[in-house]
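Peer 1: Attaching a single structure in structure tokens format; questions to follow.
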Amino acid sequence: MLYDVSMTINNEIQVYKNNPNKKPKFVAVSTFENNQVYETELTLNLHTGTHLDYPLHMVKNGATSDVEELEKLITDVKVFDVSYLTESIDLNTVRKFPIEEGDFILFKTKNSYSETFLDDFTFLGADAAKYLKDKRIKGVGIDGLGIERSQAGHPTHKALLENGIIIIEGLRLKEVKQNTYKMICLPLKIEKVEATPARIILLDK
Ligand SMILES: [Zn+2]
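Adding 275 to a residue's 1-based position in the sequence shown gives its number in my numbering.
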């Protein structure tokens with residue numbers, strides 16, 4: 276079985292805090308009315324839909340998409356279902372899961388069940404992020420457009436990004452049960468940026 280866990284990019288896509296400036300803009304720059312071919316220009320915030328964050332997003336002069344190693348993104352992943360949580364993914368929750376060094380973890384939360392932006396989206400708490408950092412995981416993904424929310428100083432992003440842990444945001448995991456899958460994550464090949472949109476699929480093992 277193949278699961279496409281990527282958001283669809285269109286005019287209606289949910290964007291962070293419903294900020295209209297973050298909506299993608301599609302413009303038909305060539306049409307059959309004025310030309311022989313049809314072409315669309317797309318203005319896209321790089322944090323639109325399913326995407327990866329790199330250190331530069333939170334750390335001045337931080338590393339960019341150039342650090343990307345595809346071998347780390349085509350990997351086994353452990354999906355943990357925490358869709359019963361209403362606030363953050365906290366330390367007590369992550370402690371209960373079998374997490375080992377080198378794991379790539381995806382959290383399925385209530386966010387996967389909403390196609391509109393949730394002001395109270397579930398996020399990864401700072402203490403849980405620090406625990407995952409200490410476990411030396413390889414990467415972590417979540418189904419919200421942010422991996423944290425309203426945490427002064429962005430401790431979750433920093434605990435992960437400053438330690439080379441990959442962050443994926445904006446996953447769609449409604450159809451995916453808690454289990455281990457093979458992930459194929461292919462970010463767009465854009466140089467020297469702080470985030471890249473990605474198409475991501477999971478395959479049954
Ligand atoms: Zn982002």
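All residues carry an ideal CB built from backbone N, CA and C; glycine is no exception. Just so it is clear, the structure is predicted and the values come from calculations on it, not from any experiment.
#1: Helix, strand or coil for Val354, going by three-state DSSP, please let me know.
#2: Look up Val334 in the DSSP assignment and say whether it is helix, strand or coil.
#3: Check for me: the beta strand (DSSP E) holding Arg370 runs from which residue to which?
#4: Roughly how many whole angstroms lie between the Cα atoms of Leu317 and Lys371?
#5: Given the structure, does Glu316 come close to ligand 1, in the sense that its CB is under 6 Å from one of the ligand's heavy atoms?
#6: Please list, in chain order, all residues of the same chain as Tyr388 whose beta carbon is under 8 Å from its beta carbon, the five residues on each side excluded.
#7: Exposed or buried, which one is Ser340 when buried takes at least 16 other CB atoms within 10 Å?
#8: Would you mind listing the beta strand (DSSP E) stretches within the segment 278-315 that are 3+ residues and don't spill past its ends, in chain order?
#9: Evaluate Phe307 with the Cβ neighbour count: other Cβ atoms within 10 Å of its Cβ, from every protein chain shown; 16 or more gives buried, anything less gives exposed.
#10: For Val468, which option in Thr315, Phe301, Leu331 has the closest C-alpha, if you only look at C-alpha atoms?
#11: Identify which residue in Thr325, Tyr313, Asn293 has its Cα closest to the Cα of Ser281.
#12: Can you tell which of Lys413, Pro430, Leu420, Asp479 has its C-alpha closest to the C-alpha of Leu348?
#13: What is the rounded straight-line gap between the Cα of Leu399 and the Cα of Ser425?
#14: Would you call the segment 374-391 and the segment 440-447 in contact, with 3 or more CB pairs under 8 Å?
#15: Secondary structure at Glu375, three-state DSSP: helix, strand or coil?
#16: Mind checking which residues open and close the alpha helix (DSSP H) that includes Leu435?
#17: Tell me which residue opens and which closes the alpha helix (DSSP H) that Tyr406 is part of.
#18: Along the chain, where does the beta strand (DSSP E) containing Lys457 start, and where does it finish?
#19: Measure the CB-CB distance between Val415 and Ile380 and report whether it falls below 7 Å.
#20: Applying the 10 Å Cβ sphere with the 16-neighbour rule, what's the burial state of Met276?
Peer 2: To lay it out plainly:
#1: Locating residue 354 in the sequence shown gives position 79, where the first residue counts as 1. It is a strand residue.
#2: Locating residue 334 in the sequence shown gives position 59, where the first residue counts as 1. Val334 falls in the coil class under three-state DSSP.
#3: Indexing the sequence shown from 1 puts residue 370 at position 95. Unbroken run through Arg370 is the alpha helix (DSSP H), 366-370; no beta strand (DSSP E).
#4: Residue 317 sits at position 42 when you count from the first residue of the sequence shown. Residue 371 sits at position 96 when you count from the first residue of the sequence shown. Taking the straight line from one Cα to the other gives about 43 Å.
#5: Here residue 316 is taken as the residue at index 41 of the sequence shown, counted from 1. Remark: the C-beta of Glu316 is outside contact range of ligand 1, defined as less than 6 Å to any heavy atom.
#6: Within the sequence shown, numbered from 1, the residue matching residue 388 stands at position 113. Cβ neighbours of Tyr388 beyond the five flanking positions: Ser358, Lys449.
#7: Translated into positions along the sequence shown, residue 340 becomes position 65. Under this definition Ser340 is a buried residue.
#8: 300-305
#9: If you number the sequence shown from 1, residue 307 lands on position 32. Result: exposed.
#10: Walking along the sequence shown from the start, residue 468 turns up at place 193. It is Leu331.
#11: What you label residue 281 is simply residue 6 of the sequence shown in a count that begins at 1. When Thr325, Tyr313, Asn293 are compared, the shortest CA-CA separation from Ser281 is found for Thr325.
#12: Translated into the one-based positions of the sequence shown, residue 348 becomes position 73. Checking every option, the nearest Cα to that of Leu348 belongs to Lys413.
#13: Within the sequence shown, numbered from 1, the residue matching residue 399 stands at position 124. Within the sequence shown, numbered from 1, the residue matching residue 425 stands at position 150. Computed Cα separation, rounded: 11 Å.
#14: yes
#15: In the sequence shown, residue 375 corresponds to position 100, counting from 1. Coil at Glu375, not helix or strand.
#16: Start at 1 with the first residue of the sequence shown, and residue 435 comes out as number 160. Residues 430-436.
#17: Looking up residue 406 in the sequence shown gives position 131. Per DSSP, Tyr406 belongs to the alpha helix (DSSP H) from 401-409.
#18: As a working note, residue 457 is residue 182 in the sequence shown. From DSSP, the beta strand (DSSP E) with Lys457 extends over 454-462.
#19: On the sequence shown, position 140 is the one that residue 415 refers to. On the sequence shown, position 105 is the one that residue 380 refers to. In this structure, the beta-carbon distance from Val415 to Ile380 falls below 7 Å.
#20: The residue labelled residue 276 in the question sits at position 1 within the sequence shown. By the 10 Å Cβ count, Met276 comes out exposed.
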